[in-house]
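What follows is a short report on a single structure.
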Amino acid sequence: MSQSHRINGGQIDRSKTLHFTFDGLPYQGHPGDTLASALLANGVRLMGRSFKYHRPRGPISSGSEEPNALVELRTDGRQEPNTRATVAELYDGLTANSQNRWPSLRFDAMGINDKLSTFFAAGFYYKTFMWPKSFWEKLYEPIIRRAAGLGSVTREEDPDGYDKGFLHCDLLVIGAGPAGLMAALTAGRAGKRVILADEDFRMGGRLNAETFAVGDSQGADWAAATVAELSSLPNVRLMTRTTVVGAFDHGIYSAVERVSDHLPTPAAGKPRQILWRIYSAKAILAGGATERPIAFENNDRPGIMMAGSLRAYANRWGVKVGERIAVFTNNDDGIRTAQDLKAKGVDVVAVIDSREGGDLLPGIRHLQGAEVIDTSGKLGLTSITIRQANGRSESIAVDALGVSGGWNPNVNIHSHHRSRPVYDAAIAAFVPGKDGPPGLLVAGAAAGQMSTHAALRTGRDAAIAALDLTTGPDLPQAEDAPVRITPLWHVAYGKGRAWIDQQNDVTVKDVKLAKQENFTSVEHLKRYTTLGMATDQGKTGNVIGLAVMAELTGRSIPETGTTIYRPPYTPVAMGTLAGRSRGREFKPFRLTPSHHWAKEQGAIFVEVGNWLRTQWVPKAGETEWRQSVDREVLATRKSVGICDVTTLGKIDIQGTDAGAFLDKVYANTFSTLAVGKCRYGLMLREDGIVFDDGTTARMGEHEYVMTTTTANAVTVFRHLEFCRQVLWPEMDVQLISTTEAWAQFSVAGPNARNLLAKVVDQDISDTAFPYMGAGNITVGGLRARLFRISFSGELAYEIAVPTRYGDALLREMLAKGAEYDPIVYGTEALGVMRIEKGHVAGGELNGQSTALNMGLGKMVSKKKDSIGMVLSQREGLTDETGYRLVGVKPVDPQAKLTAGSHFLEKGAGPVAANDGGWLTSKVYSPHLGCDIALGYLKAGDKKIGQRMRIVNLLAGLDTEVEIISPHMFDPEGERLRG
Amino acid sequence: MIIHHPILGPRDAQEFVYLGDASLIDRPDGMTAGVEAFHDYLYNRTNPAGEHQELWYHEQGDRSWLVVTRNTVTHEITKVELARDVARARGRTK
Chain A
164 MSQSHRINGG QIDRSKTLHF TFDGLPYQGH PGDTLASALL ANGVRLMGRS
214 FKYHRPRGPI SSGSEEPNAL VELRTDGRQE PNTRATVAEL YDGLTANSQN
264 RWPSLRFDAM GINDKLSTFF AAGFYYKTFM WPKSFWEKLY EPIIRRAAGL
314 GSVTREEDPD GYDKGFLHCD LLVIGAGPAG LMAALTAGRA GKRVILADED
364 FRMGGRLNAE TFAVGDSQGA DWAAATVAEL SSLPNVRLMT RTTVVGAFDH
414 GIYSAVERVS DHLPTPAAGK PRQILWRIYS AKAILAGGAT ERPIAFENND
464 RPGIMMAGSL RAYANRWGVK VGERIAVFTN NDDGIRTAQD LKAKGVDVVA
514 VIDSREGGDL LPGIRHLQGA EVIDTSGKLG LTSITIRQAN GRSESIAVDA
564 LGVSGGWNPN VNIHSHHRSR PVYDAAIAAF VPGKDGPPGL LVAGAAAGQM
614 STHAALRTGR DAAIAALDLT TGPDLPQAED APVRITPLWH VAYGKGRAWI
664 DQQNDVTVKD VKLAKQENFT SVEHLKRYTT LGMATDQGKT GNVIGLAVMA
714 ELTGRSIPET GTTIYRPPYT PVAMGTLAGR SRGREFKPFR LTPSHHWAKE
764 QGAIFVEVGN WLRTQWVPKA GETEWRQSVD REVLATRKSV GICDVTTLGK
814 IDIQGTDAGA FLDKVYANTF STLAVGKCRY GLMLREDGIV FDDGTTARMG
864 EHEYVMTTTT ANAVTVFRHL EFCRQVLWPE MDVQLISTTE AWAQFSVAGP
914 NARNLLAKVV DQDISDTAFP YMGAGNITVG GLRARLFRIS FSGELAYEIA
964 VPTRYGDALL REMLAKGAEY DPIVYGTEAL GVMRIEKGHV AGGELNGQST
1014 ALNMGLGKMV SKKKDSIGMV LSQREGLTDE TGYRLVGVKP VDPQAKLTAG
1064 SHFLEKGAGP VAANDGGWLT SKVYSPHLGC DIALGYLKAG DKKIGQRMRI
1114 VNLLAGLDTE VEIISPHMFD PEGERLRG
Chain B
-10 MIIHHPILGP RDAQEFVYLG DASLIDRPDG MTAGVEAFHD YLYNRTNPAG
40 EHQELWYHEQ GDRSWLVVTR NTVTHEITKV ELARDVARAR GRTK
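This is the structure:
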C-alpha cells in the first residue's frame, strides 16, 4: 500500500510524487521528505541491522544523531555507505540498500550473534583473539571484519567533484532554529556580515517539528518569514545543507555544504560537496539539543524511537510511525508528543511516566511512577510490558513507542578546544562549560535554554553581546515552559539487555562489566565498550552511559564527567577533505624548459619533487631502458650530451657581506674565491650533518650565484633567509631565488666546447674560460650565464638563459652542433656518470651523513665559524672506524648489485652485529662493463683494494666484491680539465 | 590559526612554515663556544605549557622570519615581531 502511514499536515509538497527504491522495492514519497520519513510513511520501520548482534533496527531519531538507520545510498561509483536515512533528502529515482545483513534485511544469517551475545560482551575481542598471534591477520581479523561492521565501500572511482572555499564574516551563526534565526536577524538588521549555517535543508530547527506559536504565527511560518527577511539582506549569507563540523583556532570554523546530495547527480560544473573554511570575528553556537533515550530491556526494536522524533515525523512530515502509540517519559517534553499525536488523530494508548505525582493528563491513560520493562516483536515492536507504581506488570499492544529521557544540549562545537561541559541538575544534562573557543557564544537549547522564548531571547542577546550592539528586535510571544524532569537513565527491572549505544551495541551490562574490570574512567569506559564511537559519536548514548557508570560507582555525574568532543561534528566524506587534490590534480607539476622538446621525442619522464624531468630519451629500435641510457652515457663521453638542469635551485646572493655570509653558511670558504670562478660548496646543518651541496660562482665583487640540489632548493633558501635575518641581521646581504628565472643546460663531453662555441658570442677557449670559470656572456645578443663545471667528469659547462628562451637554446644547440652528433640525456644517464665519478647525490646526502663519511672531511674549515662546524667535530661523528664512502664492483663482472644491500666480511653470518655498511647507489657502467655502486662502509678508507661480500637477503644476493675508490672513472680528472 | 604579520596584517597560518623555539636566535659563536654550548643551543628546549616564543617563516608571503609569542595551551597569539628586530635587540650583528 502506498504511503499507508501518511497523515495530514507537514511541510511536504504533496503535489509532486517522488519514486525511490529501498532494497529493490519501489516506494513513493514527496519533496520535503527524508529517506526515513518516506519509508516510515510507507510503513517500513526495519531499516538496518546492528553492528555486533545484527539486531533488527529502525530509526530512533529524525536527525543527524541517528545511530541505526544507516544505508548504502546510490549505486556504482556514487555508492555511499553509512548514510543516515534520517538526513538523506529524498529525490526522484533515489536508490538505497540496507547494509550489514546477509542474505536479506528480514532474514540475516549473522543474527546468530544475538543468540551468542554472552560471548560478544565488551572486551570480547581483546580477550579472545589474542592467541595464537599469527592467527590475527589471516583468520580472526577477516572474519570479524565480515561479521561486524557497517556498509561496504565501492571500488569504483567517485565521478563527482569536490571543492574547497573560504568565507569571512563578522558573525557566524551555527544552527537556524529560533535562537540562530533571532541571532542572525539581530546582526543582519544591524548591517553586520552574517553567515547562518544549518545542516538541515529547511531552516527553522525544532520550530518545523513543533506546533508552537511564535508571535501571531505558527512557529514554522515565523521561521519561514524570518528566513525570507534574512535572504533579502545583502549582508547575510544563508547556508542550508551546511554542517559546521569543527571549531579551530582564532575564529576559524570548518563547514561541509552538501551542494548536490539532494539531486540524482550534481548539475553540470557543480561539485557534490564543498568544504568551507569560515573566518569569523565572532560566532554563536545555536545548535539546539538532542533527545536521549532511557535504557530498558529490548529497547532497540524498530518502532521504538525518541518521543520528540515521533512528534517531528507527525508534525513536519505528516507521518504516523504506528497505529497504536505509547510514550515513555521522565519529563514534560514526552507529554507533548502524546498531546500532539492525539491532536493528529493517532491512537495514543498510554503515557508511561516514570515520575510520581503531579496532574494527570486529561483524555489519555497517564500512568505515573510506571516504567517500561520489556518489549516484544521480532522485526518490529508489537507490545510493551510495563511495571506500574503498585508493582503490577501489564502487557500493552503497541506498534510504536516514543521514549524521552530528557534533552542534551549540543555542546560539541563549544568543546572542540577541550572545554569540559558542566552538569546542570535543573535540566539533568550537560551544558557548555568555561573556556570554550574564544569569540564563541552559545544560545538557545545548546546553552540549556530549553523554551522557545528563551531561545529567541538568548539568540538576540548573544548577537548583541558578540557585536557590541545596543539593541535588537522585539521578541515575539512564545512558550516559556520550564524543564520538569526527574532523571531516569535505565530501568532496573528485567534481566535482558538494555541498550545504551545502539550503534555499537553497548548495553547496561557492558557498562557493568567495564566497572567490574575497573575501567571506570569515562575515557576507559569508551575504549573498553566502544561506547560513543563510530558514525554517530554517541550523540544519543554517551550521557546515559556515563550516568549508568556514575550510578554503579557511587560517584556523581559531574565527578564522572564526559569524554572530549572532537571534530568533525558529523561524518565527513574523504573526498570532501581531499577536494580537488586527487589524481592528476593531487599536486601541481613543474615542467622544465625542455619539456615540450622532450615530449616531441617521446621522452620518458620521472617525478622529482614537483618537477617532471626527462629520465631518458628513447631512439627508434630501443626496446629496453638500459639500451637508451647506455647509449646516452657512451655518446656523451664520446662526443657531447646535453641535459636540462634547470631544476637545480639557483639563488642570487648580493651585498658587501655576500662573501662573509657564504663563509658562514658553507663549511668551506668562499670569500677568497676569485671573481669569475666557481667552487664546489658543502653546506652543513647545525648538527654537523651534510645538508646540501652545489657550486657557487662569484659573478662580481659583491655578487654570487649559488646552486642547490633539486630536492633542497626550497629548504636551502629558507635556511639562508634564517641565517641572514635571524643569526646575522647586520650583514649587508640580499637573496633572491632565481630557479624559475633561468633555463640551465649541462653540456658535457669532449666536444662540449666545440658545440658551445657555435652558439655563444664570446671566446670560450680554455685560456679565456678555464676550468671552474664563470661569467656573464651572450647568446646571439641574449644575456646568458656560463659556468665551466662538471658533474659527469667530462669537459662540461652549464649554460643559462632566461627561462622563456630555454626551449629555443636547446634546439639551437642541437641544430648548430649537429656535426658533433649531440644527444640529450636524462636523469638516468646523469646518475650513471656521477656514480662513475664518485659524486654524491640523494642516496649519499641522506640526512645522516657527515662530510667525513663522504670523504670530504677536509672541506670543513676550522679557521672560521660556519653552520655545523662545531658539532661536526663531536666524538661520535669523528670516529676513525665510522662510515666512509667507497666504490664497489663485483669480482664476477656478470654479478648484479642492488642498492640497499649490506657489506659483510667473508664468512660472516648475515646478522646485524656483522653489518659493515650498505650500498647507497648502484648503476650499470657501460665503461667498466659491470655493475658499480657507491656505499658507506665502516672504516672504508682503510679497506680500498680488499674483497668483501655484498648481501641482500630480500633480493637473494650474496656476491663477492672489490672495494675501490669512489672515483671509478678518470680518477685524475684529466677529461674535465681538457 | 591567524598570525598578525607586523607588515602584512592578519595572515592564515597555512602561509607560514614553523621552525621552533625562538631560542634558536641565540646561536653561540663557533670560534669561542664549544660542543657543549652548541649542544644546548641545538637540542635543549624549555617546552613550556603556556607562553612560548617561536620562529615562523612567511614562505608563501614576504619571506620574513617572525617571532610569534603564542600560548601553547590556548593557541592565543599575543605578539608578533620581525625576527630581525628581535635578533638585533638581543645584540646579534654580523
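Just so you know, the protein sequences line up as chains A and B, in that order. Each residue of the first sequence is one higher than the last, beginning at 164 in my numbering. Each residue of the second sequence is one higher than the last, beginning at -10 in my numbering. For glycine and all other residues, C-beta sits at the position ideal for the given N, C-alpha and C. These numbers were taken from a predicted model, which means no experiment stands behind them.
Measure the C-alpha to C-alpha separation of residue i and residue j and round it to an integer number of angstroms.
i	j	result
residue 843 (chain A)	residue 857 (chain A)	6 Å
residue 794 (chain A)	residue 785 (chain A)	10 Å
residue 1061 (chain A)	residue -6 (chain B)	50 Å
residue 164 (chain A)	residue 182 (chain A)	Residue confidence is low: residue 164 (chain A) scores 48 on pLDDT, short of 50, so the model does not pin down where it sits. Its coordinate-derived value is still stated next. Approximately 14 Å, taken between the alpha carbons.
residue 921 (chain A)	residue 878 (chain A)	37 Å
residue 1118 (chain A)	residue 1030 (chain A)	40 Å
residue 1017 (chain A)	residue 848 (chain A)	15 Å
residue 1081 (chain A)	residue 1103 (chain A)	11 Å
residue 583 (chain A)	residue 629 (chain A)	22 Å
residue 30 (chain B)	residue 588 (chain A)	53 Å
residue 1022 (chain A)	residue 1140 (chain A)	21 Å
residue 955 (chain A)	residue 790 (chain A)	19 Å
residue 1085 (chain A)	residue 998 (chain A)	8 Å
residue 991 (chain A)	residue 862 (chain A)	31 Å
residue 802 (chain A)	residue 1134 (chain A)	20 Å
residue 967 (chain A)	residue 748 (chain A)	25 Å
residue 501 (chain A)	residue 594 (chain A)	27 Å
residue 11 (chain B)	residue -3 (chain B)	21 Å
residue 50 (chain B)	residue 8 (chain B)	16 Å
Which term fits residue i, buried or exposed, when burial requires 16 or more other beta carbons within 10 angstroms of its beta carbon?
i	result
residue 1038 (chain A)	exposed
residue 249 (chain A)	buried
residue 733 (chain A)	buried
residue 198 (chain A)	buried
residue 400 (chain A)	buried
residue 214 (chain A)	buried
residue 945 (chain A)	exposed
residue 416 (chain A)	buried
residue 261 (chain A)	buried
residue 27 (chain B)	buried
residue 764 (chain A)	exposed
residue 106 (chain A)	Within the shown structure, residues of chain A are numbered from 164 to 1141, placing residue 106 (chain A) beyond reach of any answer.
residue 331 (chain A)	exposed
Next item on the list: Write down every uninterrupted run of the beta strand (DSSP E) in the segment 453 to 541 of chain A whose length is 3 residues or greater and which is fully enclosed by it, in chain order.
Entry: Listed in chain order, they are 467 to 469, 487 to 492, 510 to 516, 529 to 531 and 534 to 539.
Checklist line | Start-end ranges of the beta strand (DSSP E) lying completely within the segment 918 to 984 of chain A, minimum 3 residues | finding: Runs of the beta strand (DSSP E) inside the segment 918 to 984 of chain A: 937 to 942, 945 to 950 and 959 to 965.
Margin query: For the structure I just gave you, are there three or more beta carbon pairs, one from the segment 1084 to 1103 of chain A and one from the segment 1051 to 1061 of chain A, closer than 8 Å?
Written below: Note that the segment 1084 to 1103 of chain A touches the segment 1051 to 1061 of chain A; at least 3 beta-carbon pairs, one per stretch, sit closer than 8 Å.
Checklist line | Unbroken stretches of the alpha helix (DSSP H), 4 residues or longer, contained in the segment 698 to 731 of chain A | finding: Fully enclosed alpha helix (DSSP H) runs of 4 or longer: 705 to 716 and 720 to 723.
Check: Given a limit of 8 Å on CB to CB distance, which residues of the segment 1022 to 1038 of chain A reach chain B?
Finding: For the segment 1022 to 1038 of chain A, which is checked against every Cβ of chain B, the residues closer than 8 Å are 1027, 1028, 1029, 1032, 1033, 1034, 1036 and 1037.
Notebook entry, point to check: Taking Cβ-Cβ distances below 9 Å as the criterion, which residues of the segment 17 to 49 of chain B are in contact with chain A?
Noted result: Taking 9 Å as the upper bound on Cβ-Cβ separation, chain A lies near residues 17, 18, 19, 20, 21, 22, 23, 24, 26, 27, 28, 30, 31, 32, 44, 46 and 48 of the segment 17 to 49 of chain B.
Margin query: Quick check: the segment 640 to 648 of chain A against the segment 375 to 386 of chain A, are at least 3 beta-carbon pairs closer than 8 Å?
Written below: Because the criterion of three Cβ pairs below 8 Å is met, the segment 375 to 386 of chain A and the segment 640 to 648 of chain A touch.
Checklist line | Near-chain B residues of the segment 869 to 894 of chain A (beta-carbon distance less than 7 Å), N- to C-terminal order | finding: Taking 7 Å as the Cβ-Cβ cut-off against chain B, the residues of the segment 869 to 894 of chain A that qualify are 881, 884, 885, 888, 889, 890, 891, 892, 893 and 894.
Next item on the list: Please go through the segment 585 to 643 of chain A and give each complete alpha helix (DSSP H) segment of 4 or more residues, from N-terminal end onward.
Entry: As far as the segment 585 to 643 of chain A is concerned, its whole alpha helix (DSSP H) runs of at least 4 residues are 615 to 630.
Next item on the list: Tell me, please, whether the segment 653 to 669 of chain A touches the segment 462 to 470 of chain A by the rule of three or more beta-carbon pairs shorter than 8 Å.
Entry: Yes, the segment 653 to 669 of chain A touches the segment 462 to 470 of chain A.
Next item on the list: Pull out every residue of the segment 841 to 867 of chain A whose Cβ sits closer than 7 Å to any Cβ of chain B, in chain order.
Entry: Only 849 and 850 from the segment 841 to 867 of chain A bring a Cβ to less than 7 Å from some Cβ of chain B.
Next item on the list: Return the residues of the segment 804 to 827 of chain A that lie within a Cβ-Cβ distance of less than 8 Å from chain B, sorted by chain order.
Entry: Flagged, chain order: 820 and 823.
Notebook entry, point to check: Counting pairs of beta carbons, one from the segment 50 to 69 of chain B and one from the segment 1122 to 1137 of chain A, are three or more of them closer than 8 Å?
Noted result: No, the segment 50 to 69 of chain B is not in contact with the segment 1122 to 1137 of chain A.
Item checked: Residues in the segment 393 to 417 of chain A having any Cβ partner in chain B nearer than 9 Å -> When CB distances to chain B are screened at a threshold of 9 Å, the residues of the segment 393 to 417 of chain A falling below it are 411, 412, 413, 414 and 415, in chain order.
Checklist line | Stretch-stretch touch, CB-based, cutoff 8 Å, three pairs: the segment 254 to 269 of chain A with the segment 401 to 414 of chain A | finding: With the cut-off at 8 Å, the segment 254 to 269 of chain A and the segment 401 to 414 of chain A do not touch.
Margin query: At 4 residues or longer, what runs of the alpha helix (DSSP H) sit wholly inside the segment 987 to 1021 of chain A?
Written below: Whole alpha helix (DSSP H) segments, 4+ residues: 990 to 1000.
Checklist line | Any alpha helix (DSSP H) of 4 or more consecutive residues that is wholly inside the segment 207 to 288 of chain A | finding: Runs of alpha helix (DSSP H) with 4 or more residues, each lying fully within the segment 207 to 288 of chain A, are found at 275 to 278, listed in chain order.
Next item on the list: Identify every run of the beta strand (DSSP E) within the segment 845 to 927 of chain A, keeping only runs that are complete inside it and at least 3 residues long; order them along the chain.
Entry: Qualifying beta strand (DSSP E) stretches, in chain order: 853 to 863, 866 to 871, 897 to 900 and 905 to 911.
Margin query: For the segment 209 to 228 of chain A against the segment 463 to 477 of chain A, do three or more pairs of beta-carbon atoms, one drawn from each stretch, fall closer than 8 Å, so that the two count as touching?
Written below: Yes, they touch.
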